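J.: Residues in the sequence shown are numbered from 1320 upward in steps of one, following my numbering. Don't be surprised by glycine CBs; every beta carbon is placed ideally from N, CA and C. None of the values given here were measured: they were computed from a predicted structure.
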Amino acid sequence: MIRAIKGTRDLLPPESGLFEEVETVAREVFRLYNFAEIRTPIFETTELFARSVGEETDIVTKEMYTFQDRDESSLTLRPEATASVARAYVEHRLWEKPGLTRLYYMGPMFRRERPQKGRYRQFYQIGAEVMGSGAPQVDFELLEMLTLLLQRFGLTDAELLLNSVGCPQCRPAYHEALRKALEPRLPRMCADCQRRAQTNPLRVLDCKVPEDQPIIAELPVLKDYLDLGCREHFQQVCQLLDSAGIRYRLEPRLVRGLDYYTRTAFEFVHGALGSQNSLLGGGRYDGLAQVLGAPAQASQGIGFAIGEDRFVLALQAAREKAGAIVPAGSDVFIAPVGAEVQSACLALARELRAAGLSVETGEAGRKLGKLLELASRTGARFALLVGEQDLSGNQIPVKQLATGHQQSVERAGLSDYLKQALTAAPVTAGEVGKS
Ligand code: AMP
């Protein structure tokens, strides 16, 4: 048997329905904030990620799926999408259009990480980027939009962690202080930290090795080294959040996994996710677009990426806790009583679908008992038992599968009756999918 590659998986119903639901609601929320979709290619030149994500990051040093094309150019499956969006921003000179560039994307990303629950080698992200402004108001609105999205799904227990990682002007002084503090401590730290201390000391704060955590807790924090501009920016973001009643926790050691972040950095964590508790992450990256060729005055930007797989895990946990069960099957199952009603049943199905109901049609000529058993097992909510007499009498027997309750309904009012009954009726006792 050929199986899916390690770290990849098939998304099957009913779980795939949750992905669809999350994407639909995300699109609605993004529209409220005037974002439009961008679809970038799944593979790009390796150089794009090396230059923008950063040569010294885990992603670039050990996690990218890189391959040589037939013309020997080096290509990489995208490990994240901000670099691609910034590339597109520069390639199409989007700063020349009026107003800010507000784009969102959704789709698969690829990283060769050690697979575990909530961590995959092909995973899905939903993200958004605002380019062309450095105003704290933009940071605030992005965080407010995320809060709204979480609220729409009842994930209000997700916690916002917030920090400022400064800018290229104020970071050197912090790097120096960090290096000094690290020197005597490094021999007790992991090999990765020892390497990072030389190449990019900020990355040390990102270390997940448990033995290193007490040492990291003693290191100086960036907050004490921010220059005036960065400090004011951060204060304004916090004030706007306070005045909107959006709760957050200051996390002075929060740094993001990619090199390009400046100033505001944030993450939402969720308790239901276990060790991989980061639901989404993002931050400001002023200057990234300039590295890729944009003029300095148009190169400010901020964005986030939601881990969609983890969002769905958190949603499943929340719904399970609330005891919510969603129907796994169709709204209606049409059971033809006898082979001669086949075409009339298909016409009835067409009519109900036109009214917006999901309909499954039973094979004409099979035993009614078998059809009803199938309807029940697939989780259909209602079965219509359609025989020749019912059709000529314009009365269709409707069976509610969860309760077994049956009644005849006038053909002309059938779709209205079903729609009303669907909102009121419990789901079937069949093989319902929990989600
Ligand atoms: P990042 O692009 O690293 O800032 O990650 C943003 C979000 O994507 C994280 O908060 C996670 O929710 C999600 N994520 C990152 N890597 C993975 C992975 N390997 N598997 C599943 N989700 C991931």
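Please classify MET1450 as buried or exposed, where buried requires at least 16 other C-beta atoms within 10 Å of its C-beta.
T.: The residue is buried, with at least 16 neighbouring Cβ atoms inside 10 Å.
J.: Quick check on DSSP: helix, strand or coil for ARG1515?
T.: Reduced to three states, the DSSP call for ARG1515 is helix.
J.: According to the neighbour-count rule (16 or more other Cβ atoms, all chains shown, within 10 Å of its Cβ), is LYS1753 buried or exposed?
T.: Any answer about LYS1753 is weak, because its pLDDT of 35 lies below 50 and its placement is not dependable; what the coordinates show is given next. Per the 10 Å Cβ criterion, exposed.
J.: Between the Cα of PRO1455 and those of VAL1379, ARG1550, MET1383, VAL1372, spot the shortest distance and give me the residue it belongs to.
T.: The shortest C-alpha separation from PRO1455 is found at ARG1550.
J.: Are the segment 1425-1445 and the segment 1562-1574 in contact at 8 angstroms, needing three or more beta carbon pairs?
T.: In short, these stretches do not touch, since the Cβ pair count stays below three.
J.: From which residue to which residue does the alpha helix (DSSP H) around GLN1387 run?
T.: Where GLN1387 is concerned, there is no enclosing alpha helix (DSSP H), although the beta strand (DSSP E) it sits in stretches over 1385-1387.
J.: What are the start and end residues of the beta strand (DSSP E) that includes MET1450?
T.: First-last of the beta strand (DSSP E) with MET1450: 1441-1450.
J.: Does the Cβ of ALA1323 have 16 or more other Cβ atoms within 10 Å, making it buried, or fewer, making it exposed?
T.: Its Cβ having fewer than 16 others within 10 Å, ALA1323 is exposed.
J.: Excluding sequence positions up to five away, which residues of its chain have a Cβ less than 7 angstroms from the Cβ of VAL1430?
T.: With the sequence shown as reference, residue 1430 is identified as Arg, and Val is not the correct amino acid for it. Closer than 7 angstroms at Cβ, skipping near neighbours: ILE1378, GLU1382, PRO1398, ARG1440.
J.: Using a Cβ-based criterion (distance less than 7 angstroms to any ligand heavy atom), does GLU1399 qualify as near the ligand AMP?
T.: GLU1399 Cβ: within cutoff of the ligand AMP.
J.: Suppose contacts are defined by Cβ-Cβ distances below 8 angstroms. Is VAL1660 in contact with GLY1712 by that definition?
T.: Contact: no.
J.: Is ASN1482 buried or exposed, if buried means 16 or more other CB atoms sit within 10 Å of its CB?
T.: With 16 or more other Cβ atoms within 10 Å, it is buried.
J.: Out of PHE1338, ARG1566, LEU1419, point me to the one whose CA is closest to GLN1616's CA.
T.: Ranking PHE1338, ARG1566, LEU1419 by Cα distance to GLN1616 puts LEU1419 first.
J.: Quick one: using the 10 Å Cβ neighbour count with 16 as the cut-off for buried, is LYS1527 buried or exposed?
T.: Under this definition LYS1527 is an exposed residue.
J.: Would the beta-carbon of GLN1444 be found less than 7 angstroms away from any heavy atom of the ligand AMP?
T.: GLN1444: yes, Cβ under 7 angstroms from the ligand AMP.
J.: With contact counted as at least three CB pairs below 8 angstroms, one residue from each stretch, are the segment 1632-1639 and the segment 1681-1693 in contact?
T.: With the cut-off at 8 angstroms, the segment 1632-1639 and the segment 1681-1693 do not touch.
J.: Find out if the Cβ-Cβ distance for the pair THR1401, GLY1622 is shorter than 8 angstroms.
T.: The answer is yes: Cβ separation under 8 angstroms.
J.: Going by alpha carbons, who is nearest to ALA1500 out of GLN1513, GLN1488, ASP1578?
T.: Nearest C-alpha to ALA1500: GLN1513.
J.: Determine the closest residue to ARG1346 out of GLU1375, GLY1626, TYR1423, with distance taken between C-alpha atoms.
T.: When each option's Cα is compared against that of ARG1346, the closest is TYR1423.
J.: What runs of the beta strand (DSSP E), each 3 residues or longer, lie entirely inside the segment 1682-1735?
T.: Complete beta strand (DSSP E) runs here, min 3: 1701-1705, 1714-1719, 1725-1729.
J.: For ASP1458, I'd like the list of residues in its chain whose CB is within less than 6 angstroms of its CB, leaving aside the five on either flank, ordered along the chain.
T.: Result list for ASP1458: VAL1556, THR1583, ILE1621, in chain order.
J.: Comparing the CB of GLU1432 with every heavy atom of the ligand AMP, is any distance shorter than 7 angstroms?
T.: For the ligand AMP, at least one heavy atom lies less than 7 angstroms from the Cβ of GLU1432.
J.: Take THR1395 and list the residues in its own chain whose beta-carbon comes closer than 7 angstroms to its own, dropping the five residues that flank it on each side.
T.: PHE1362, GLU1363, THR1365, PHE1368, MET1383, TYR1384, THR1385.
J.: To the nearest whole angstrom, what separates the beta carbons of GLY1485 and TYR1544, a pair I think is in contact under 8 angstroms?
T.: About 7 angstroms separates the two Cβ atoms, so the contact holds.
J.: Is it a yes or a no for the segment 1651-1659 touching the segment 1694-1709, going by three-plus beta-carbon pairs under 8 angstroms?
T.: Yes: the two stretches touch, three or more of their Cβ pairs being nearer than 8 angstroms.
J.: Among PRO1529, LEU1468, ILE1535, whose alpha-carbon lies nearest the alpha-carbon of LEU1497?
T.: LEU1497 has its Cα closest to that of ILE1535, out of PRO1529, LEU1468, ILE1535.
J.: Pick out whichever of LEU1465, ARG1370, ALA1516 has its Cα sitting closest to the Cα of ALA1477.
T.: The residue with the shortest Cα to Cα distance from ALA1477 is LEU1465.
J.: Please report how far the alpha carbon of VAL1751 lies from the alpha carbon of PRO1716, in whole angstroms.
T.: Any reading at VAL1751 is ruled out, since the residue's pLDDT is 42, under 50, leaving its predicted position unreliable.
J.: Take THR1380 as the anchor and find which of ASP1578, CYS1509, GLY1548, VAL1540 has the nearest alpha-carbon.
T.: Looking at the Cα atoms, ASP1578 is the closest of the given residues.
J.: From the DSSP output, read off the bridge partner residues of ALA1584.
T.: BP columns for ALA1584 point to ASN1482, GLY1602.
J.: Measuring from the CB of ALA1666, is there a heavy atom of the ligand AMP at a distance below 7 angstroms?
T.: Not so, every heavy atom of the ligand AMP lies at least 7 angstroms from the Cβ.
J.: Secondary structure at SER1393, three-state DSSP: helix, strand or coil?
T.: Looking at SER1393 - three-state DSSP - the assignment turns out to be strand.
J.: Assuming PHE1442 and MET1425 make a contact with CB atoms under 8 angstroms, what is their CB distance in whole Å?
T.: At roughly 12 angstroms, the Cβ-Cβ gap does not stay under 8 angstroms, so PHE1442 and MET1425 are not in contact.
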